[in-house]
Amino acid sequence: MAKDFYDTLGISKTATQDEIKAAYKKMAIKYHPDRNQDKKEESEKKMKEINEAYDTLGDPNKRQNYDRFGSSGQNGGFGGQGGFSGGFNQGFSGFEDIFEDINSMFGGASSRSRRERSDGRQKGSDLRYTVKLTLKEAYLGIKKNISFKALGKCDQCNGKGGEGVITCNECNGAGTIRYQQGFFIVENTCPKCRGDGIMIKNPCRSCKGSGRKEKEFNITVDIPRGVSDSDNIRVSQSGEAGIRGGQSGDLFVAIKITEDDFFRRDGDNLICDIPVKFTRAILGGEIAIPLIDGTIHKLNISEGIQNGDRIKVSSKGMPRYNSNNFGDLFIYIKIETPINLSKDQKRIVEELDRSIDDKMNPKTNNFINKIKSLFN
-16 MAKDFYDTLG ISKTATQDEI KAAYKKMAIK YHPDRNQDKK EESEKKMKEI NEAYDTLGDP
44 NKRQNYDRFG SSGQNGGFGG QGGFSGGFNQ GFSGFEDIFE DINSMFGGAS SRSRRERSDG
104 RQKGSDLRYT VKLTLKEAYL GIKKNISFKA LGKCDQCNGK GGEGVITCNE CNGAGTIRYQ
164 QGFFIVENTC PKCRGDGIMI KNPCRSCKGS GRKEKEFNIT VDIPRGVSDS DNIRVSQSGE
224 AGIRGGQSGD LFVAIKITED DFFRRDGDNL ICDIPVKFTR AILGGEIAIP LIDGTIHKLN
284 ISEGIQNGDR IKVSSKGMPR YNSNNFGDLF IYIKIETPIN LSKDQKRIVE ELDRSIDDKM
344 NPKTNNFINK IKSLFN
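The numbers in the sequence shown follow the numbering used here, run straight up by one, and end at 359.
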């Protein structure tokens, strides 16, 4: 039984040429062998049917014959060794742009994009370098000197790769070689020019025509204040040199902030624990707080402050990135109980304890009352 080309492409008999083209592209992507590695044989068979249907329906004259007589009027449109009659452009009229799009979707570079590289220049790769900072360095901002090895511009040929640029005679500047394999058009990178489409007539001996050589780089990176962990700072055109005089890539400096012994960071805010003598907690008064910039901040605490109480010190946190504003500093009070008291000191504390009314310790008093209520 003859195949129905319309059913093969999943379209109606009244479909326009644009609808036929769109349906073919959709089906070709769905059943492309590269996308169906586990069912390659089945997908190749399906692609053969799809190509056969589009070769007929995609050509208005063949479609008219097919609609009238059930065939394209050209022996099914095929000839010779199971392939297409004639070359690629003859047998696949209108296919080239579609194959360009499908090929690029599966990781292949289109020949059009390769032809655009008329001089063989290509941008260099971007580089990534991790810099460790202390929290204080992130607060203040700092200039960091970094060293790394990368491909730099060849001094011998000034990055050009040599003298005399000529078009590759193997691929005629396309950068790819196409050949027909059954019902498929296979596209491979040109082995002679390695996909550049051009060749250097007299390549530089030092860099062998690439225009690049490995070098040691030493650069200074200006790290602004307020950076956060995992931030990336872009240093334009400080990456790998481009091929044959192409633009250099960029350097991305990744920030890694080490933990601080005293401060903890929460966004733009800083957090720290401040030990306070129990007598100072009882009486209140002034305490000294170290800040991240190395200075001392004086703070008055109220009498009777409790362990774990939080105090906010405005604008003493981290600087906000690209801003003149600052986060806040949050202090958590940690009341320290004295140890190794003498007999006289213990006696004084005991006298103090006997003199303290339950109302002076409201939290303790409430706790005791709850315990009593459980047993009552």
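Idealized CB from N, CA, C, for every residue including glycine.
Between K295 and K198, the C-beta gap is not smaller than 8 Å, which leaves the two residues out of contact.
Under DSSP, V296 shares a beta bridge with L312. In this structure, the beta-carbon distance from G135 to G194 does not fall below 8 Å.
Taken in chain order, the whole beta strand (DSSP E) runs of length 3 or more contained in the stretch 116 to 162 are 125 to 136 and 145 to 150.
DSSP assignment within the stretch 233 to 298 yields the following whole beta strand (DSSP E) runs of 3 residues or more, N-terminal first: 234 to 240, 247 to 249, 252 to 260, 268 to 273, 279 to 284 and 293 to 296.
Residue pairing of R195 in beta bridges, as defined by DSSP: K136. The beta carbon of V236 sits closer than 6 Å to the beta carbons of Y112, V114, V204 and I216 from its chain, once the five residues preceding and following it are set aside; these are given in chain order.
Going by DSSP, N352 is part of no beta strand (DSSP E) but of the alpha helix (DSSP H) stretching over P345 to F358. The stretch 283 to 292 makes no contact with the stretch 300 to 312, as fewer than three CB pairs between them are under 8 Å.
For the options H15, K22 and D50, the alpha carbon positioned closest to that of K(-14) is the one of D50. Non-local beta-carbon contacts of E269 in its own chain, meaning distances under 6 Å to residues more than five positions away in sequence, involve K281 and N283 in chain order.
The criterion of a C-beta distance shorter than 8 Å is satisfied by K317 and I257. Per DSSP, I(-6) lies in no beta strand (DSSP E) and is assigned neither H nor E. In the three-state reduction of the DSSP assignment, I339 falls in the coil class. The shortest CA-to-CA distance from D244 to any of L118, L110, D21 and E319 is the one to L118. Within the same chain, C137 and Q139 come within 6 Å of S189 by CB-CB distance, once the 5 residues on both sides are set aside.
With the rule of 3 Cβ pairs closer than 8 Å, the stretch 146 to 156 counts as touching the stretch 173 to 180. In this structure N44 is exposed. Its beta-carbon is surrounded by fewer than 16 other beta-carbon atoms within 10 angstroms. If you draw a straight line from the Cα of I288 to the Cα of R263, it comes to about 9 Å. In the three-state DSSP reduction, N323 falls in the coil class, being neither helix nor strand. For I33, the enclosing alpha helix (DSSP H) starts and ends at K23 to L40.
For K184, the enclosing beta strand (DSSP E) covers residues I181 to P186.
By the CB criterion at 8 Å, G225 and L110 fall outside the cutoff.
Pairing G192 with G144 gives a Cβ-Cβ distance under 8 Å.
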